[in-house]
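Data block below; observations after.
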Amino acid sequence: MRFFKPRERTVAIIGYPNHGKTVFLAGLFWDSFFALSESFDDPRNPYAVRAANARAAEVFFGNAITLSRMQLPPSSPRTPPEPALLEFSGVPGVDGRRRKARVVFYDIPGEAVTDEEWLLNNAPFLPKTDDILFIFDPTRADFSERALQAADLRDKILRIVPGGERKNYIVVLSKMDELRDENEWASMIAEYWPDHSPLPNQIDTYVQDMERLSRLLRQWWIDRAHGGRGFVNQMPPSTRYCAISSLGCQPAWRCPECSHPQADSLSGCGHCGTPRPRNAPLVLGAKPRPFRVRDPLFWVFRSMRAM
Amino acid sequence: MTHTQSSLQALFHASCNVECGYFSGRGRGFQTVAVSEELIGTEDLKRLEDVATYYEVSADRRAAGDLPVKRTFYRLPSGKYALGETVDWGAGPSGRPGNYLAKHVIVDAPDLLAAGGPSAVTMAIWQEVGGVDPDQPRAIPGIRTAGLPVPVDVSELSQLTPPFLGSLLAHAVYPGERTALLVGDEARCYRIIQQLISVLPPSDRLSIPYSTHFYRACDFLRPHFRLVSVRSWSEAPSGRQAYLVFDLERSQDPSLPIDASVRWLVDTILGGRTEEIQLLNHTIECARHGNLQSPPQLPDSAAFYAALWERVGKASIPLLPQGAALLAELLGAVTASRPLADALLATGSPAELCGTAASPDAVKALMTALKGAATPHAWNQWTNQWPNEPRLSPFRTPAWAFWKR
Numbered sequence: 001m002r003f004f005k006p007r008e009r010t011v012a013i014i015g016y017p018n019h020g021k022t023v024f025l026a027g028l029f030w031d032s033f034f035a036l037s038e039s040f041d042d043p044r045n046p047y048a049v050r051a052a053n054a055r056a057a058e059v060f061f062g063n064a065i066t067l068s069r070m071q072l073p074p075s076s077p078r079t080p081p082e083p084a085l086l087e088f089s090g091v092p093g094v095d096g097r098r099r100k101a102r103v104v105f106y107d108i109p110g111e112a113v114t115d116e117e118w119l120l121n122n123a124p125f126l127p128k129t130d131d132i133l134f135i136f137d138p139t140r141a142d143f144s145e146r147a148l149q150a151a152d153l154r155d156k157i158l159r160i161v162p163g164g165e166r167k168n169y170i171v172v173l174s175k176m177d178e179l180r181d182e183n184e185w186a187s188m189i190a191e192y193w194p195d196h197s198p199l200p201n202q203i204d205t206y207v208q209d210m211e212r213l214s215r216l217l218r219q220w221w222i223d224r225a226h227g228g229r230g231f232v233n234q235m236p237p238s239t240r241y242c243a244i245s246s247l248g249c250q251p252a253w254r255c256p257e258c259s260h261p262q263a264d265s266l267s268g269c270g271h272c273g274t275p276r277p278r279n280a281p282l283v284l285g286a287k288p289r290p291f292r293v294r295d296p297l298f299w300v301f302r303s304m305r306a307m
Numbered sequence: 001m002t003h004t005q006s007s008l009q010a011l012f013h014a015s016c017n018v019e020c021g022y023f024s025g026r027g028r029g030f031q032t033v034a035v036s037e038e039l040i041g042t043e044d045l046k047r048l049e050d051v052a053t054y055y056e057v058s059a060d061r062r063a064a065g066d067l068p069v070k071r072t073f074y075r076l077p078s079g080k081y082a083l084g085e086t087v088d089w090g091a092g093p094s095g096r097p098g099n100y101l102a103k104h105v106i107v108d109a110p111d112l113l114a115a116g117g118p119s120a121v122t123m124a125i126w127q128e129v130g131g132v133d134p135d136q137p138r139a140i141p142g143i144r145t146a147g148l149p150v151p152v153d154v155s156e157l158s159q160l161t162p163p164f165l166g167s168l169l170a171h172a173v174y175p176g177e178r179t180a181l182l183v184g185d186e187a188r189c190y191r192i193i194q195q196l197i198s199v200l201p202p203s204d205r206l207s208i209p210y211s212t213h214f215y216r217a218c219d220f221l222r223p224h225f226r227l228v229s230v231r232s233w234s235e236a237p238s239g240r241q242a243y244l245v246f247d248l249e250r251s252q253d254p255s256l257p258i259d260a261s262v263r264w265l266v267d268t269i270l271g272g273r274t275e276e277i278q279l280l281n282h283t284i285e286c287a288r289h290g291n292l293q294s295p296p297q298l299p300d301s302a303a304f305y306a307a308l309w310e311r312v313g314k315a316s317i318p319l320l321p322q323g324a325a326l327l328a329e330l331l332g333a334v335t336a337s338r339p340l341a342d343a344l345l346a347t348g349s350p351a352e353l354c355g356t357a358a359s360p361d362a363v364k365a366l367m368t369a370l371k372g373a374a375t376p377h378a379w380n381q382w383t384n385q386w387p388n389e390p391r392l393s394p395f396r397t398p399a400w401a402f403w404k405r
């Protein structure tokens, strides 16, 4: 009898507050549980995802259930991250074989990423991390600020993680649904929207799309401003770039006067002009339809040769 | 024993996730929204901010609207103590749920001791300073306020099984370095914690820093607390092997060793005899502070004196009764009788220890117990000190016996 130990990989999710880290993890699980389990179905070795520890059940199942109720997951408190372990089975590879994979996720609180002392004391797993996934929200601040933040984050990681330059990096732009109507983005991502989860015999093509999109996004970072080039030049050539939307649409707040739902990006009601109340709770207008939220996961699968 | 109203100097601190907090330039996030200026720039403030950040609720409880109140009591670097209360505060500036408001009252240790311990202070004190609005950050001057009475309450403790209660009391009376984890209904756990503290002498009531809703990632804060509680095993902190675990629902305890003091407390609590607990605590305080000019009226109970001896040792000697029968019973009741026997021999003559009305059987019992428990040196020294004492005659070793050995 032979025992095959599943491949295992550790991924750290790093980004500023409200850039989409926790919602990304919920969307990733949602996509695997609903879309990929269907498109990757196989009578002998079906694709499945399982929360393998209590933290994973909370982070993935718990937040996915919250999304199914059309609510956003709660903000992550500034607590030391606990490992959330997902087990994947039936992962189809480009060679047609199916494999198992175990991925440990660490969701680092956004408020803590600027505190190097906190990271040193509360993120001892960082040196052992295989993949570091940076998430940035390109929708709210001007790009030069975003590029500087990206470079700053990367420098922090290199200062506190020995051998940081040898890690795998994945740079993710989130909330792409809000940029679809902007000309710049429409030309880049239009052909990839809407998103369809690939069939097993389409993995090769899908990966080629991921490569193409990564090159486009890398070019976007470089072309956008001097600061963008400064960031990209620091990153290893193996860095992958992704553009995702974890929810597929913007969450909304409800106007207290006329009850019309208003997009999160609005500071006042477009219907009656009432200013947005402070701390107005956000809700989803529809069930999540994630866009390419699986791309970072597929890059991880490929790094561990599970795909 | 009546309550003498105490006075405490209280400082304040509150944190919440806001767009802009008390300290400008911090930006959006969980941060100080109200603070007494005496705390600014101190290590105490840093500790308050660090401990306050740990509040999380499971997805199931959040969906059910079952949001816990986290109550804390812990020591600050300066030696002051903080009493905290953290509650869910709806959505944060991002519009996502999971915001929370953490309020603290900070008190000097001497004030808190004089007031009777952490239960003398409640969060209602915030009403005296106008409460807190997280979106209106402000400084809050410290105030002088009255402490509440802290009665001995055993209504919840008396429902526990004797072994469970014994282990819990052993941890409360002799906390040690490890943290105890209480798993069970939150309200019940909090009552138990409060009542455990209330049965301690006032000078021991700061030795049990505690936290309720010690949810999962809170394990990092374990060194700050001696007693923590969670509602269920699914919410328990990681690394639970580091804790002394008390499972309320299953009545499972870590079987800590108990001495005569804890045994007496168990018996008194299960019997609901709170006046006796108050009497013991008052006596302990008198003995510790050497305040024995007007010793209290103590019961004729060997178990009571055994509890007193276990808690204050030789300081209890002036309070121990004269009486052969009672002292003989006392020597049998304490956990380790040798130190007590030696202490008795060092302080009293046979006549003083036996009392005036002791029966021959009682005298014999006491002398037998003393000889059996004391160190040979102490016994010989004592018997030689009273060569003509008839009570000791049966217990002297004849001269010829030395040669026989």
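Chains A and B, in that order, give the protein sequences. This note's numbering puts the first sequence at residues 1 to 307. This note's numbering puts the second sequence at residues 1 to 405. C-beta atoms are modelled at their ideal positions from N, C-alpha and C, and glycine is treated no differently. Quick caveat, the model's predicted, so the values are computed rather than measured.
Beta bridge pairing from DSSP links B:A180 with B:L227 and B:L244. Interface annotation, A:G15: not in contact with chain B, CB-CB separation never under 8 Å. Between the C-alpha atoms of B:Q241 and B:A180 there is a straight-line separation of about 11 Å. Residues of chain A whose Cβ lies closer than 9 Å to the Cβ of B:G90 are, in chain order, N279 and P281.
Not a single CB atom of chain B sits nearer than 8 Å to the CB of A:D223.
The C-beta distance from B:L101 to B:A14 rounds to 7 Å, short enough to fall under 8 Å.
Out of A:G285, A:C242 and A:D264, the CA that lies nearest to the CA of A:V300 is found in A:C242. Note on geometry: alpha-carbon atoms of A:F29 and B:S58 lie some 18 Å from one another. Look at B:I40 here: in three-state DSSP terms it is coil, with no helix or strand label. By the beta-carbon neighbour count (other beta carbons within 10 angstroms, threshold 16), B:W233 is exposed. Close to chain A, meaning a Cβ-Cβ distance shorter than 8 Å, are the following residues of the region 122–136 of chain B: D135. For a Cβ distance threshold of 8 Å, residue set T79, P80 and N122 of chain A lies close to B:F220, ordered along the chain. When the Cα atoms are used, B:T368 and B:R391 turn out to be separated by approximately 11 Å. Contact between B:P118 and B:F73 holds, with the beta-carbon distance rounding to 5 Å and staying under 8 Å.
One finds nothing in chain A with a Cβ atom closer than 8 Å to the Cβ of B:E276; even the nearest lies about 44 Å away. In the structure shown, A:Y47 adopts coil according to DSSP, grouped into three states. Counting other Cβ atoms within 10 Å of its Cβ, B:A146 stays below 16 and is therefore classed as exposed. With a cutoff of 8 Å on beta-carbon distance, B:L227 and B:Y215 are scored as not near each other. The beta carbons of B:I106 and B:E128 sit about 14 Å from each other, so the pair does not count as a contact at 8 Å. Under the 8 Å criterion on CB atoms, A:P275 is classed as non-interfacial with respect to chain B. Within the region 13–99 of chain A, the complete alpha helix (DSSP H) segments at least 4 residues long are 21–30 and 63–68, listed from N- to C-terminus. One alpha carbon belongs to B:H289, the other to B:W309, and they sit about 15 Å apart. The beta carbon of B:T53 sits closer than 8 Å to some beta carbon of chain A. By the Cβ neighbour-count rule, A:N201 is exposed, with fewer than 16 other Cβ atoms within 10 Å of its own.
When B:R231, B:L11, B:T356 and B:L345 are compared, the shortest CA-CA separation from B:N384 is found for B:L345.
Taking 8 Å as the cut-off, the beta carbon of B:L45 is found no closer than this to the beta carbon of B:V33.
With respect to A:G230, A:D137 sits apart: the two C-beta atoms are not nearer than 8 Å.
Not one beta carbon of chain A lies nearer than 8 Å to the beta carbon of B:G239.
Counted as a single uninterrupted DSSP element, the stretch harbouring B:H104 is not any alpha helix (DSSP H) but the beta strand (DSSP E) occupying residues Y100 to V107.
Only those residues of the region 49–80 of chain B whose C-beta falls short of 8 Å from the nearest C-beta of chain A are listed: T53, Y54, Y55, E56, V57, S58, A59, D60, R62 and A63. The straight-line gap separating the alpha-carbon atoms of A:A112 and B:S94 is approximately 17 Å. Distance from A:S76 to A:D107 at the Cβ level is roughly 6 Å; contact confirmed, criterion being Cβ atoms closer than 8 Å. DSSP, reduced to helix, strand and coil, places B:F220 within a helical segment of the structure shown. Out of B:G271, B:W264, B:L11 and B:V154, the CA that lies nearest to the CA of B:A333 is found in B:W264. Collapsing the DSSP output to three states places A:E8 in a strand. The alpha helix (DSSP H) runs lying completely inside the region 125–168 of chain B and spanning 4 residues or more number zero.
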